[in-house]
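Enquirer:
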Amino acid sequence: MNLTSIIGLGNVFLGDDGFGPLAIETFRCKYECSPDVEVLDLGTPGLDLAPYLYDKRLVIVVDTVHSDSAIGALSIFQEGDFLSERAKLRITGHDPGLWDSLAHLRLAGHAPLELIIVGVNPESCEFAEPISEEVWSTAAKAAAMIAKSLTERGIACGLRRSPAEPNLWWLRMKEPESSTAASGALTHA
Amino acid sequence: MARISIDPVTRIEGHLRVDVEVDGGVVNKAWASCTMWRGLETILRRRDAREGWVFAQRFCGVCTTVHAVASVRAVEDALSLEIPPNAQYIRNLILIGHALHDNIVHFYHLSALDFVDILQIPKADPAKAASIAEGYSSWTGNSRQELAAVQTKVKGLVGSGQLGIFSHGYWGHPAMKLSPEVNLILFSHYLQALDFQRKSCQIVAILGGKTPHIQNLAVGGVMNAINLNSLATMNMDRLGMLKAILEDLIPFVQQVFLADTCLLAAYYPEYLHLGRGVANYLAVPDLPLDAKASKFDLPGGIIMNGNLAGVRPIVNWQDAEFRKAVTEDNTHAWYQGSQFTPYKGQQIPDYTDFNADAKYTWVKAPRYNGSPMQTGPLATVLVGYASGHAKTRKWTDTALNRIAAVNGLKVTPDDLQSTMGRYLGRAIRSSILSDLALEHLQLLTTNILNGDDTTYNAPKFPTGEIMGMGMHEAPRGSLSHWVVIEKGAFTNYQAVVPTTWNASPRDEKGVPGPYESSLIGTPVVEAEKPLEVLRTVHSFDPCMACSCHTLDANGKEIAQVKVQ
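Line order of the protein sequences matches chains A and B. Per numbering that gives the first Met the number 0, the very first residue in the first sequence carries number 0; after that it's consecutive. Per numbering that gives the first Met the number 0, the very first residue in the second sequence carries number 0; after that it's consecutive.
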């Protein structure tokens, strides 16, 4: 049973929304942790997030979080920051899945003991746009932040002696046709 | 006359707007509008056809595996490439695991609260609830202690005055009809379902390498290494783990999920006569049993005008009529051009704002020989029942008998053409799939024990243009991916997805789609709280992500109901 989940959320096709998958892949390649830590790219799972939070000791969610800070600014948030009126933070479209899954698990007695969110303030989450320079360059910092959060909690995590090559499959392979922008459509997340 | 606009509809995946015109307390016109642009297929063009599935499974955050499998099937069809029986069985087991997961989550977490009133639960008598539950199901998780513990949790929630995610329910609505005890039983299963959601995910993870994005697919088969003597591959231990998970999961599907939908039908019989809508049904054959995909464990077919005596079977994926009959109409969708066959399909936006008489949605209108079609578990069940499929007959008859056992209500297969029929159909299909999961696991095990360890036939791509179509009967209905390939890369890619069939707008003749038709005749007691409308919309299990686009733009937006 894996007690700790490090979860990247976001859609790799929506510009900066791909930050979560990028950051956890960066983390996976640079760091190694105790075997009960699971690193997962969950995309945009909605309520299907619940199985990955079930009975965990610690869950670290990495995602884009809209805030008033600078583009690419990285922060650690807790649930209360999102639920309190004054924080006025807004996570991207997958947040209903996160809060609903947490509420369900809490009632059922299987919620994670601790949940933190490593969030980056995105520039734009437009369909078929590349990730912005500011957000891209934050991935290594986010990986270090995840590692620090683990070691602070007594969970073994250190730099790999020889880092692995990140598998950013959505950026490689044959280039897609450039998409036609849809005027008037809601295409940002 | 009042015009009610629900935007967005909550407890669905993605972004859907529903407008209804109510006259004399009854809906007389309806419009379904998807408010997000669909452009996903553009991502696939010019990509390597062997790796299209990796991208296709990101069409939707929820139905990942279904697009992955439809994509490899489409490419294999274009190449006329057979895949080894082991690969068929492994894919089938993944698809069943995903479908059970999806259907359990839909019933309990996305739709049960349209019928279950949480605020009634504190008034329940747990002992009485336990005796009711034990009367209708042999499930062991319905003890008085279990139900009392759930009631204590709900009392705490209600007493705190902070209902959180439950604060927007239509509690106390006159259309809520369950006793406090039945509300308690169903909500207890709502919480227990979380554990079974997890178990069905484990099936997909063991076979697919990872969830929700499986890693083991390939054009030509699967990449699971089979070696009974190796710990790192598919071996008897893994097969045994799968069996153990299924034996734990199946009683919940057949004795709880199915029983609960039957209980709802008995308490809400009016929904067996509401929401019929488009009575043309489409189901495609799935769960192939051999390398050629010539035999299937789930039958496909077409039923027109609700005539259950006249099913037209779709015997296999080569079905010539299906390949010619499917078109997509843009008369009322925000795209240029009028009508396309999927191989020539495109999506060039033509946005006009919501205009009920002209263009009003990002969903195209798929048509089958010019007719709208309803697809989904109910279509599978009706096609299976009408064509005499033994497991469909068994589980449909079991469901109808269970309803009669609750309060004597007599329900016929024809009554399943309704809102409640869609809920029942999903549980009946899950019960059938549960039986088939064990059978396909046995087929896989026997084949491996007989010495067959092949899982993959390497594809070879010609330089000229080839076309192919891959089908899958997904949790929400018939899915087809249509691909055009040249020199190993896609030159066109179109997915005709279940929610596009069901959430279809009107076509050039003004004929509405299944969501729209099914709402006609729905009573609306309180215009500000259109619970009855939501019950019928939710019965289709809308998942707008792949039918249009990906994410909701306004994360914390609360459903807005506007009455004019």
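Think of the CB as a built atom: it goes at the ideal place given N, C-alpha and C, for glycine as much as any other residue. Since we're looking at a predicted model, the values are computed, not measured.
Starting from the C-beta of G24/B, find all residues in its chain whose C-beta is less than 8 Å away, skip the five residues before and the five after it, and write them out in chain order.
Expert: P522, V523 and V524.
Enquirer: Is S503/B buried or exposed, if buried means 16 or more other CB atoms sit within 10 Å of its CB?
Expert: Under this definition S503/B is a buried residue.
Enquirer: Going by CA-CA distance only, name the one from G140/B, A332/B, A192/B and Q214/B that's closest to T34/B.
Expert: Ranking G140/B, A332/B, A192/B and Q214/B by Cα distance to T34/B puts A332/B first.
Enquirer: At a Cβ threshold of 7 Å, is T3/A touching chain B?
Expert: Not an interface residue.
Enquirer: Nearest by alpha-carbon distance to T453/B: which of M419/B, T210/B and G219/B is it?
Expert: When only C-alpha atoms are compared, the closest one is G219/B.
Enquirer: Alpha carbon to alpha carbon, how far is A146/A from P162/A? Give it in angstroms, no decimals.
Expert: Taking the straight line from one Cα to the other gives about 14 Å.
Enquirer: Which first and last residues belong to the beta strand (DSSP E) in which K561/B is found?
Expert: Counting along the chain, the beta strand (DSSP E) containing K561/B begins and ends at V560 to V562.
Enquirer: Compare the Cα-Cα distances from L162/B to each of D116/B, G207/B and S178/B and report the closest residue.
Expert: When each option's Cα is compared against that of L162/B, the closest is D116/B.
Enquirer: According to DSSP, is S366/B part of a helix, a strand, or is it coil?
Expert: Here the sequence assigns Arg to residue 366/B, which means Ser is not the residue at that position. R366/B falls in the strand class under three-state DSSP.
Enquirer: Suppose you measure from the CA of W168/A to the CA of H188/B; what does that come to, to the nearest Å?
Expert: Those two C-alpha atoms are separated by around 40 Å.
Enquirer: So, is the C-beta of L48/A closer than 7 Å to a C-beta in chain B?
Expert: Not an interface residue.
Enquirer: Which residues in the same chain have their Cβ closer than 8 Å to the Cβ of L97/A, if we skip the five residues on either side of it in sequence?
Expert: Taken in chain order, the residues that qualify are L8, L48, V60 and I90.
Enquirer: For the alpha helix (DSSP H) containing Q150/B, name the first residue and the last one.
Expert: Where Q150/B is concerned, the enclosing alpha helix (DSSP H) stretches over R143 to S159.
Enquirer: Please compile the residues from chain A whose C-beta is within a distance smaller than 7 Å of the C-beta of C200/B.
Expert: Per Cβ cutoff of 7 Å: P50.
Enquirer: So, does the CB of F12/A fall closer than 7 Å to a CB anywhere in chain B?
Expert: Taking Cβ atoms only, chain B reaches closer than 7 Å to F12/A, which makes this a yes.
Enquirer: Compare the Cα-Cα distances from G96/B to each of E246/B, A73/B and N304/B and report the closest residue.
Expert: When only C-alpha atoms are compared, the closest one is E246/B.
Enquirer: Does any CB atom of chain B fall closer than 7 Å to the CB of P129/A?
Expert: For P129/A, the answer is no, since every Cβ of chain B falls outside 7 Å of its Cβ.
Enquirer: If L46/A and S100/A are in contact, beta carbons under 8 Å, what's the gap, nearest whole angstrom?
Expert: Contact holds; Cβ gap of about 6 Å.
Enquirer: Any C-beta of chain A within less than 7 Å: which residues of the region 190-215 of chain B qualify?
Expert: The residues in question are L190, L193, Q196, R197, C200, P211 and H212.
Enquirer: If the cut is a Cβ gap below 7 Å, which residues of chain B does G45/A touch?
Expert: What G45/A touches in chain B: E12, G60 and V61.
Enquirer: Checking the sheet assignment: what are the DSSP bridge partners for P522/B?
Expert: V25/B.
Enquirer: Quick check: the Cα distance between A72/A and V64/A, rounded to an integer number of angstroms?
Expert: If you take the alpha carbons of A72/A and V64/A, they lie about 10 Å apart.
Enquirer: Can you list, in chain order, the residues of its chain with a C-beta nearer than 6 Å to that of M175/B? Leave out the 5 residues immediately preceding and following it.
Expert: Cβ neighbours of M175/B beyond the five flanking positions: D116.
Enquirer: Relative to the C-alpha of F106/B, which candidate in Y492/B, E464/B and L193/B has its C-alpha closest?
Expert: If we check each option's Cα against that of F106/B, L193/B comes out closest.
Enquirer: Helix, strand or coil, according to DSSP, for C542/B in the structure here?
Expert: Correct three-state label for C542/B: strand.
Enquirer: Looking at C-alpha atoms only, which residue of Y350/B, A403/B, I5/B and R322/B is the closest neighbour of D76/B?
Expert: The option with the nearest alpha carbon to D76/B is R322/B.
Enquirer: Pull up the distance between the alpha-carbon of G19/A and that of T25/A, whole angstroms please.
Expert: Computed Cα separation, rounded: 10 Å.
Enquirer: Can you give the Cα-Cα distance for A73/B and A217/B, rounded to whole angstroms?
Expert: Cα to Cα, the separation comes out at about 12 Å.
Enquirer: How many Å lie between E20/B and P529/B at the Cα?
Expert: Cα to Cα, E20/B sits roughly 12 Å from P529/B.
Enquirer: Is R61/A helix, strand or coil when you go by DSSP?
Expert: Per the sequence presented here, residue 61/A reads as Val, with Arg not at that position. Reduced to three states, the DSSP call for V61/A is strand.
Enquirer: Since W500/B contacts S517/B with CB under 8 Å, what's their CB separation in whole angstroms?
Expert: Their Cβ separation, rounded to whole angstroms, is 13 Å, which puts W500/B and S517/B out of contact at 8 Å.
Enquirer: Give the residues of chain A in contact with I164/B, contact being defined as C-beta atoms less than 7 Å apart.
Expert: Those are W98, D99 and A102, listed as they occur along chain A.
Enquirer: Give the range of the alpha helix (DSSP H) segment to which P121/A is assigned.
Expert: Run containing P121/A: none; DSSP gives neither H nor E here.
Enquirer: With DSSP run on the structure shown, which of helix, strand or coil describes S566/B?
Expert: A question about residue 566/B goes unanswered here, because the residues of chain B that appear run from 0 up to 563.
Enquirer: Would you say the region 117-132 of chain B touches the region 277-291 of chain B, given that touching needs at least three Cβ pairs under 8 Å?
Expert: Judged by Cβ distances under 8 Å, the region 117-132 of chain B makes no contact with the region 277-291 of chain B, as fewer than three pairs qualify.
Enquirer: Any beta carbon of chain B sitting closer than 7 Å to that of A86/A?
Expert: Low per-residue confidence applies at A86/A: pLDDT is 49, beneath 50, and the placement is therefore not dependable, though the value from the model is reported in the following sentence. No, because no Cβ of chain B sits closer than 7 Å to the Cβ of A86/A.
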